Structures are given as structure tokens and as C-alpha cells.
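Visitor: Heads up: the protein sequence lines correspond to chains A and B, in order. When the letters of the first sequence are read in order and numbered with our numbering, they come out as residues 18 to 115. When the letters of the second sequence are read in order and numbered with our numbering, they come out as residues 11 to 514. Glycine included, each C-beta is placed from N, C-alpha and C at the ideal position. Given the structure is predicted, the values throughout are model-derived calculations rather than measurements.
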Amino acid sequence: MLLGPSLGVSAILFSLGVAGVLLRRNAIVIFMCIELMLNAVNLSFVALAQQLGREGQVIVFFVMAVAAAEAAVGLAIMIAIYRHKSSVNVKEINLLRG
Amino acid sequence: MIGPRIDLSEPGGIAVALLPELILTGWCLVLMLAVAWRHRDEEDQRFVGHLALIALVTTLVAVVWFWIRDVGPVGLEVMVALDGFRYASATIFLLGGILAVMLSLGYLGRERMVVPEYYLLLLLATVGMMFMGGGADLIVIFLGLELMSVSVYVLAGINRRSVFAAEAALKYFLLGAFASAFFLYGIALIYGSTGSTNLTFIYVQVTSLGLESNLMLSVGVGMLLVGFGFKVAAVPFHMWTPDVYDGAPTPVTAFMAAAVKAAGFVALIRVLLQGLAPADAVWTEAVWWLAAITMVVGNLIALAQRHLKRMLAYSSIGHAGYLLTAVASGTELGAAALLYYVFAYTLMTVGAFAILAASGRGGEREVLIDDFSGLAQRRPWLAFAMTVFMLSLLGFPGTAGFIGKWYILSAAVDADQAVLAVVLVGASIVSAGYYLPVIMAMYMKPPISEAAHETTRVGGAARWVVGATAALLLLFGVWPNRALDVARDGSRQLTPDVMVTVSR
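1. List the residues of chain B that Met81/A touches, going by C-beta distances under 8 Å, in chain order.
2. Three-state secondary structure (DSSP) at Ile317/B?
3. Please report how far the alpha carbon of Ser513/B lies from the alpha carbon of Asn224/B, in whole angstroms.
4. Go ahead and pull the three-state DSSP assignment for Asp424/B.
5. Between which residues of its own chain and Ile327/B is the CB-CB distance below 7 Å, once the five residues before and five after are set aside?
6. How long is the line joining the alpha carbons of Ser501/B and Phe193/B, rounded to whole angstroms?
7. Put Arg42/A into one of helix, strand or coil per three-state DSSP.
8. State the Cα-Cα distance for the pair Ala462/B and Ile151/B, rounded to the nearest angstrom.
9. Please report whether the beta-carbon of Gly167/B lies at a distance below 9 Å from any beta-carbon of chain A.
10. If you reduce the DSSP assignment to three classes, tell me which class Arg71/A lands in.
11. Quick one: which chain A residues come within Cβ less than 8 Å of Ala146/B?
12. With a threshold of 8 Å, are at least 3 pairs of Cβ atoms found where one atom belongs to the region 211 to 223 of chain B and the other to the region 271 to 291 of chain B?
13. Whole angstroms is fine: what's the gap from Thr335/B's alpha carbon to Trp298/B's?
14. Examine chain B for any beta-carbon lying closer than 9 Å to the beta-carbon of Leu33/A, and answer yes or no.
15. Taking C-alpha atoms, which residue in Glu109/A, Ser103/A, His101/A, Ala86/A lies nearest to Phe183/B?
16. I'd like to know if the region 109 to 120 of chain B and the region 270 to 283 of chain B are in contact, where contact means that at least 3 CB-CB pairs between them fall below 8 Å.
17. Tell me the rounded alpha-carbon separation between Gly477/B and Arg467/B.
18. With burial defined as no fewer than 16 other Cβ atoms inside 10 Å of the residue's Cβ, what is the status of Ser369/B: buried or exposed?
19. As a quick exercise: from Ile110/A, Leu40/A, Phe48/A, pick the residue whose alpha carbon is nearest that of Val90/A.
20. So which of Gly414/B, Phe188/B, Val448/B has the shortest CA-CA distance to Gly313/B?
21. Using a Cβ-Cβ cut-off of 9 Å, state whether Ser103/A counts as contacting chain B.
22. May I have the straight-line CA-CA distance separating Pro30/B from Glu374/B, to the nearest angstrom?
23. Quick one, are the C-beta atoms of Val541/B and Asp54/B less than 9 Å apart?
24. Along the alpha helix (DSSP H) that carries Ile212/B, what are the first and last residues, could you check?
25. Below 8 Å on the Cβ atoms is my guess for Ala480/B versus Val398/B; work out the distance and round it to an integer in Å.
26. What do you reckon, are the CB atoms on Ala65/B and Leu133/B nearer than 9 Å?
27. What first and last residue would you give for the alpha helix (DSSP H) that runs through Met139/B?
28. So what does DSSP say about Ile110/A, is it helix, strand or coil?
29. Please specify which runs of the alpha helix (DSSP H), each continuous and at least 4 residues long, are wholly inside the region 257 to 285 of chain B, giving them in chain order.
30. Tell me where the alpha helix (DSSP H) around Leu378/B begins and ends.
31. Tell me the DSSP secondary structure of Ile311/B in three-state form.
32. Following the continuous alpha helix (DSSP H) through Lys181/B, name the residue where it begins and the one where it ends.
33. If the cut is a Cβ gap below 7 Å, which residues of chain B does Met54/A touch?
34. For Val276/B, I'd like the list of residues in its chain whose CB is within less than 6 Å of its CB, leaving aside the five on either flank, ordered along the chain.
35. Relative to the ligand FAD, is the shortest distance from any of its heavy atoms to the C-beta of Gly331/B smaller than 8 Å?
36. Using C-beta distances below 8 Å, list every residue in its chain close to Phe412/B, excluding the 5 sequence neighbours before and after it, in chain order.
This is the structure we're talking about:
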């Protein structure tokens, strides 16, 4: 049921996420875009699972758990850098270069 | 002789098959309790560090036992593989973990960092790597990759006083998570086109359904390669590498450059050979170009570096290119060459970073190559060990690095990729331009001042790390046969040996 459109929406959402990561400068917004990419993939898995069996749906739960763990660690890292620089703008985070 | 066979279709069989991982996970829980119980001072931290060492060694014993008994599966490997490749790669990861822990024992105390959970994260990352090397299913490999990555994001920023470490952690996290999303989308598309995430099953489906040039599968493989490209720091996905290696604490950098990179490559070649071998037309060319560009760019930029830590970071990109050459050959010989080179590379990288950690108290970032001037007069043994590491990284005859490169070259020539072999040789010649100045500075230049190298000292466990890695590099450089045989046995039968009836 509606496999093609679901995969299309998923591809569009994924591309939006990629564009956001590449264009935005606020670390938290970049992270939100990465979450968007992960959820776009989840949509693909659920859509494909209709035809290919439950495996795809099980994978979605794994991905959600991984995304939650990543969020916990990522936000902690952002707090750590905010304490040093009072900013999470990636343009200003440029001590390491060369 | 055929060893014990484990039936992976029942829960008991899976539990036995996962014994090494379960042992290490159990130790992680023990460590978590130990950290919660004692986390006040340096003494507690050393206690946790020694526990971590015991954990890694017991796991290594379990892995080697599996390996010697040649434990194999009954029928299809459902979720985890039971083959020599898994045992060999797990041994390399555990070795990397042991060396990193030994390096950290003195380092953390010297830098006045009291972070006992450091060792816990190191163990969790090692568990993730073992799943990456042993997973027979794309989802298991993905979960292993994430377990490793999330732990290493934290490790990169573990020094909370350092703004550089925080910046390294943020960059690593953002680009790592970005890469994971690509990796996952690749899995979704491969799942969509073949109907499975099991590697052997993917192999069968691709062959029997004739999916070699299927668009969905091709895009999926491409996405997977992008994800792996970020993780193993291949050009053009390498932008994060120098910054992250630069900002992270030196033992963590050693761990990232050696074990994390090794895990990425081992998983990559398993996915490509075990699952996607029939679709090699899709990925061979892509990997070929990645390898060529990575070798050239990594080595050329390394030439321009004056700081040793950044130089080693770029040199690790160059080495990613050499390893990609082994992957591009797409044969079991290439997999064997990869295993051997990863082993040698782990030893030489950890050794070089150990000496860097010893020479820069509190500021390894600032250590210039010229700061090594006259080291041979003041600390001859240290200078000798550094010479061994540099020559091995360069691929000089008599060291394990040479044998590894020679093995990769023969795999490339064997797979009719002579051009790539020529690029590899050319890149190695260029790399002499930044490895040899270190040796020249140590032996041919006078010390900068009377007080130079006064504080350069490898103490305690780090001394063992430097000594053991240098000795092993020389040993396997002059007597490589046994290790080469082991690597060849380890990668035999990586591509599934299944009879497929083609129906189109």
C-alpha cells in the first residue's frame, strides 16, 4: 500500500535533513536535521516492512534507541562547549585548524 | 580438523557464539559498579584501569580459545559470524584496547584528570568494535558501529577543562552522526532491494535475482560507502580527522587512529565481500577512486605539517588509503592483506602516539617535529623506538609495515589493479618526506637547549607499550610468515560458499 509515495517522502525528508546539516550554523539545529535524516530512514523501513515482513519494523526500534543515546551524548557535548565558549555556533568553533 | 559447531538458530547457540562479547559486556557492568563505588581520586582511577586491563585480557583469552578450537556455525550464520575473520579482528581490537589502557594509566594521572569512567567507555567502544567485526547482519554491524562511535564521542571530549577537547568532541559527534544517517539509509535501501539485512542472504538474493545493476541497490551501496568513508577517514570525507585527532587526549587519539579505524575497515570488507561480492561492479570503481585520492591527498597534506600530532593525523589518512587499496582488490587475498596491515598499523600508531604523549607534558598539541632534535643523545632507546615506528609507517624493509605494504601491493596486482599499486608506491615515497625528518631531527641535530628532553620520560606501563610495539614490529618485519599464514587463514571463506541457482 502506497510504497512508492512513502519512499518518495522519505527520500525528500532525508534530502531536507542533509541540506539542513550543510547549510545551518547552529549546532543544535544541525543535530535536529540529523534526527530528521534518521527518522526519514525509519519511514523507509516501515514502508518496506509492509512487503518484506516484520524485520523492518523491528529495525525502527533499534534506530530509535540509538538516536536517543546519540541525543543524550550530543546534547551533553554541546553543553560542554557552551560552558567554554558561550555559543554553539559552529562558525565560532574554530580553534583547531591547519 | 573441524572444530566444534554451534547451532545459531537456537538461543543457547547464540549465547555461546557471543561468549567473548558477553564476557566483555559483563566486565563493563562490573566496571560501572566499580566506578560508582570508587571515583574520588587517582588511586581509584588506577584501580578501575587495572580492572579494565583484566577485562580485556580475559576476553582476549576467550577469543583466542574460540580461534584455536576453530569454532564454526551449523548452516547459516544468522546474526553473528563464527569465522576466523571475526576472531582475528577481535584480537586486533582487544590488543588496541589493551595498549590504549596501558598508555592511559600514567597519562591520566600526569594530566590530573580524574575520570574513572574513561576506562568504561574504552571497554564499551571495544565491545562495539567486536560486533562490527563479527556481525553477519547489517543491523548488528550498525549497532556495533553506534556503540563504538557514541563511546568515542565522549572519550574525545573527556578532558572537560580543555576547550580543544570539547571542540574535537563536537566536530566528531556532528560528522559521525551525519555519517551514521547515511549508513543507515544505505542499509534501508539494500534491505528494500534484497528483502534482507543478513549478509549471506543478501549475497544469495543479489545473485539469484540478478540485482547486480539494480538502481536501489546501487544507491544503497553508495550511501553505505559514504557512511564508511566518514568512519575510516577517507578523502573526501576526512575533514574532521585532523581536528579531532588534534584536540582529543593523546591515548584516545591513539585508540581512534588504530582500533576505531581498524573496526571501520574490517566491517567494510566484511560487508563488501560477504554480502555484496556479486555486485562488485557497483563498488570496485568507487573504492578504487577513494583509495587513490585518499593516498595522494593524505600524504601531500602531511608534508606541510610541523606539529607531530597533526602530522600523524594526516599520515593516518594516508594509511586509510593504503587499506582502501586492499579493499578495492575485492578478493580474500585483499582481506588477508588488510588484516595483516591493520595489525601492524595498530602497533606502529599506538607506539608513535605513546612517544608523543611522553614528550609533551600537558601540551602534546604544541610538540613540533623539531622539538625532537637531539633526542638520540639524551634518550637513545626512546629515539630508537621512534625510529622503528617511523620506518615502519614509511614501509621500510625489515619492519612489519614493509611486509604489510608488500602484501597489499601483491593483492592489488593480483586483482589487476597495477595502477593503484603504482599510486601506493608513489605515495609511500612522498611519505618519506615527513617521516624521515623526525629521524633526522633525533639523530643529526643538536638538542635545542640544555634542558631539552629533561621531562621526556615514558614511565610505568607506557614503557611496556613502547617496548612491546617496537619489538613486535621488528619481529614481524623479519619473520612475518607465521602472521601472514594466520591472516590468510583468517580471511578464508569470507565470501559465502553457497550454490546459487540462477533463475532470470
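Guide: Reading it off the structure:
1. Residues of chain B passing the Cβ test: none, with the nearest at roughly 12 Å.
2. Just to set this straight, residue 317/B is His in the shown sequence, not Ile. DSSP places His317/B within a strand segment (E or B) once states are collapsed to three.
3. Any reading at Ser513/B needs caution, since the residue's pLDDT is 40, under 50, leaving its predicted position unreliable; the model's value is listed next. Whole-angstrom Cα-Cα distance: 16 Å.
4. In the three-state reduction of the DSSP assignment, Asp424/B falls in the helix class.
5. Counting only Cβ-Cβ distances below 7 Å, and skipping sequence neighbours, we find Ala243, Val245, His248, Thr251, Thr304, Gly308.
6. Whole-angstrom Cα-Cα distance: 24 Å.
7. Three-state result, Arg42/A: coil.
8. Rounded to the nearest whole angstrom, the CA to CA distance from Ala462/B to Ile151/B is 47 Å.
9. At least one CB atom of chain A sits nearer than 9 Å to the CB of Gly167/B.
10. DSSP places Arg71/A in coil when its eight states are reduced to three.
11. Residues of chain A with a Cβ closer than 8 Å to the Cβ of Ala146/B do not exist; the shortest Cβ-Cβ separation is about 14 Å.
12. Touching, yes, given that three or more Cβ pairs across the two stretches are closer than 8 Å.
13. Here the alpha carbon of Thr335/B sits roughly 7 Å from the alpha carbon of Trp298/B.
14. Interface flag for Leu33/A against chain B is unset, since no Cβ pair is found closer than 9 Å.
15. Minimum Cα distance to Phe183/B is reached at Ala86/A.
16. Three or more Cβ pairs closer than 8 Å define a contact, and the region 109 to 120 of chain B falls short of that threshold against the region 270 to 283 of chain B.
17. Taking C-alpha positions only, Gly477/B is separated from Arg467/B by approximately 13 Å.
18. Counting Cβ neighbours within 10 Å, Ser369/B comes out buried, since at least 16 surround it.
19. For the residues Ile110/A, Leu40/A, Phe48/A, the minimum Cα distance to Val90/A belongs to Phe48/A.
20. In the sequence on display, residue 313/B carries Leu and not Gly. Closest by alpha carbon: Val448/B.
21. Taking Cβ atoms only, chain B never reaches closer than 9 Å to Ser103/A, which makes this a no.
22. For the pair Pro30/B and Glu374/B, the Cα-to-Cα distance works out to about 35 Å.
23. Chain B is shown only over 11 to 514; residue 541/B falls outside these bounds and no answer can be derived.
24. Where Ile212/B is concerned, the enclosing alpha helix (DSSP H) stretches over 209 to 219.
25. Their Cβ separation, rounded to whole angstroms, is 4 Å, which keeps Ala480/B and Val398/B in contact under 8 Å.
26. When the beta-carbon positions are compared, Ala65/B and Leu133/B come within less than 9 Å of each other.
27. For Met139/B, the uninterrupted alpha helix (DSSP H) segment begins and ends at 127 to 144.
28. Ile110/A sits in coil when the DSSP states are folded into three classes, being neither helix nor strand.
29. For the region 257 to 285 of chain B, the full-length alpha helix (DSSP H) segments reaching 4 residues or more read 260 to 265, 271 to 280 along the chain.
30. Counting along the chain, no alpha helix (DSSP H) covers Leu378/B, and no H or E run does either.
31. In the structure shown, Ile311/B sits in a helix (DSSP, three-state: H, G or I).
32. 173 to 204 is the extent of the alpha helix (DSSP H) around Lys181/B.
33. Listed by position along chain B, the residues whose Cβ is nearer than 7 Å to that of Met54/A are Ala191.
34. The answer, listed in chain order, is Ser99, Gly143.
35. Although the ligand FAD was asked about, the structure shown includes no ligands whatsoever.
36. So the list reads Ser402, Gly405, Phe406, Gly487, once near-sequence residues are dropped.
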